[in-house]
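Written out below as structure tokens is the structure these notes cover.
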Amino acid sequence: MAKSDPKAAQAAAKVATESLAKGGMTAAFGLAGALVGALAAGAAAGVAAERFAVRRRRRAGDPYADEPFGALPYDSAQVVTADGVDLYVEIVEADGEPDLTVIFVHGFALDMGTWHFQRRVFTGHEDPRLRMVFYDQPGHGHSGPRPDGDYTIDQLADSLAEVIAKVAPDGPLVLAGHSMGGMTLMALAERHSELVLDRVVGVALISTSAGHLDDVALGFPPIVAWLRGALTPTLAKVLRWQPTMAERGRRSGSDLAYLLTERYGFGTSNPSPALVEYVERMNDGTKVEVIAGYLATLSQHDRYAALEAFADLETLVVCGDRDQLTPVEHTREIANLLPKAALLEIPDGGHCTLMEHADATNDALAQLFQRAAAVAAGRRPTTAPERTEVSAAKQRRGWARRAGKQQRRALDRILRRKGA
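In structure tokens, the structure reads:
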């Protein structure tokens, strides 16, 4: 592997910043969204031709056109202060004495709204009865930012431990994490092992990874993974130096942002426009400084060893077979280390598969909750964890390679024009 050239990295970071100012930053809900934004915004000339199609799709029939995204009811809300950060928490109580408390932890550049369909379906659930806790991670949604602007997954684990201590101090727990939320659960097991051993009876890891995120090529050729790793420190600094420019660009590139969200958040060819726009709004609600503050910790994430804490728990691992941000191979690695876990690979599922394929995800979660409730009550679960692997995953590799070649050519043209 070639060594990183500091001058080339700085030049490429400059290109990325200029591209972000044109609207690419709104796609930064993924693990390497900044680079994704730069790559896709650099191909803006080609993307511009698709804008009419975007508007046409938005006008077409939409099953979620009237869905109350971000407006589901809750029984109580409060602010939990953890390490100087105010965390916004919403609680949905069970109908009667709860069998379990479920803590839902969202991912990078999203908010608790990611769990919209789980919240809607499991409110009032009777078998088992669930008390549900949702909160916004630091710098996301209604939660405050860290005063120093630096974010680590270790800090997220400590924040989760504080939320549990304040709003769910007793009783059996199930922890559900999506993307960076799943990484937060791994860090919790690493840093607060006694809490996990004493209280947790079930874990759901959805569209997440235990490490090696710098190797993720985002559907592009492997060179892009190397380039992203070389650029991450410089790009994070540039974003912090130029947040106003990047924020202004996000507001001006709505069509491009829609396309990026659709491509990197979803696996189906024509997802619900209202759903795509809702994810886009969550992305847009995360400030550039916050995104920059998380880039390093996501790149450094390595918690394979922490998974051992989940080995004897009721565990569910879920991923879409077209997830380009935390690819299905990462899910399989987790499942290999947790041989007792239920595994679900969802066909045509992207990174937001818990929303895109909510029914399949919820069915798997319902089974997890039943098994966890049985364990909490001292009973033997009546159903065994299932492992459903999707052969269609192999068929997607050619699609990913073709998409990668197109974007690589666009990146080459940008760098040649800029003299990088």
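The sequence shown begins at 1 in the UniProt record's numbering and counts up by one. Built from N, CA and C at the ideal position, the CB exists for glycine as well. On a predicted model such as this, the values are computed, not experimentally measured, just so you know.
Residue from the options with nearest C-alpha to residue i
i	options	result
G320	E345, I291 and P339	E345
F117	L365, G171 and D215	L365
M355	Y304, E314 and T114	T114
A161	V174, S76, L337 and A82	A82
T297	A360, T184, P63 and D170	T184
D170	M112, T101 and L313	T101
D348	D62, E308, A165 and R263	R263
A306	E194, T123 and M112	E194
Q78	A257, H142, V121 and V105	H142
E314	L156, V105 and A176	A176
Three-state class that DSSP yields for residue i in the structure shown
i	result
E190	helix
T361	helix
H116	helix
S76	strand
A204	strand
T184	helix
L110	coil
A168	coil
T388	strand
G211	strand
D148	coil
D99	coil
D62	coil
D302	strand
S159	helix
P339	coil
A366	helix
H330	helix
Nearest-angstrom beta carbon gap, residue j and residue i [assumed within contact, 8 Å]
i	j	result
S179	G107	3 Å
M282	L110	5 Å
L188	V196	6 Å
V89	V167	6 Å
A358	A65	Between A65 and A358 the Cβ distance is about 16 Å, and since that is not below 8 Å, they are no contact.
G211	Y304	6 Å
V163	V375	With 8 Å as the limit, V163 and V375 do not qualify as a contact, their Cβ atoms being about 23 Å apart.
E93	D75	4 Å
A373	L338	A373 to L338, Cβ: 20 Å. No contact.
H140	T286	6 Å
Y62	S272	Per the sequence presented here, residue 62 reads as Asp, with Tyr not at that position. Contact flag correct, Cβ pair sits at about 5 Å.
Counterpart residues of residue i in DSSP-defined beta bridges
i	result
F134	E90 and F104
C319	E345
T81	D86
A71	None, per the DSSP bridge assignment.
E126	R129
A176	F104 and A204
E314	G202
Short Cβ contact (8 Å threshold) for residue i with residue j
i	j	result
V133	I103	yes
V318	T261	no
A341	P385	yes
S209	H351	no
V279	G265	yes
D99	P128	yes
Y135	L173	no
R191	G267	no
P138	P145	yes
H301	L368	no
Residue-chain proximity (residue i, chain B), Cβ-Cβ < 8 Å
i	result
G113	Considering every chain present, this structure includes no chain B. It has just one protein chain.
Near the ligand MG: residue i beta-carbon under 7 Å from a heavy atom
i	result
K287	You won't find the ligand MG in this model; it holds no ligand whatsoever.
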